[in-house]
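Accompanying notes for the structure given below.
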Amino acid sequence: MAIKHTGSGATVFVTGIDGFKNQSGGRDKRSWQFWVNGTYADAGVGAKVLQAGDKVLWKFAPPPPPGS
8 MAIKHTGSGA
18 TVFVTGIDGF
28 KNQSGGRDKR
38 SWQFWVNGTY
48 ADAGVGAKVL
58 QAGDKVLWKF
68 APPPPPGS
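Quick look at the structure:
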């Protein structure tokens, strides 16, 4: 899997995975986001602390509705 990103450490931001790049320009545009144990991540990928057994799912999708 080829991952493109900007930043480092806690400020890492994933910009693309396997050639699929984040889109910009509105709520209907898709970007990379991740979910931990079925819940939308509450921190950026560089800052999220995972625990043993956590399940991480990456999605290339429009932003989830507020409160997800």
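Numbering follows this note's numbering, with no gaps: position 10 of the sequence shown is 17. Where a beta carbon is used, it is the ideal one built from N, C-alpha and C, also for glycine.
The straight-line gap separating the alpha-carbon atoms of T13 and D35 is approximately 23 Å.
For K55, the CB contacts under 6 Å within the same chain, skipping 5 residues up- and downstream, are A48 in chain order. DSSP places L64 inside the beta strand (DSSP E), whose first and last residues are V63 to A68. Burial check for V63: the Cβ neighbour count within 10 Å stays below 16, so the residue is exposed.
Distance check between F27 and each of F67, G74, P71 and G33 places F67 closest, using alpha-carbon atoms only.
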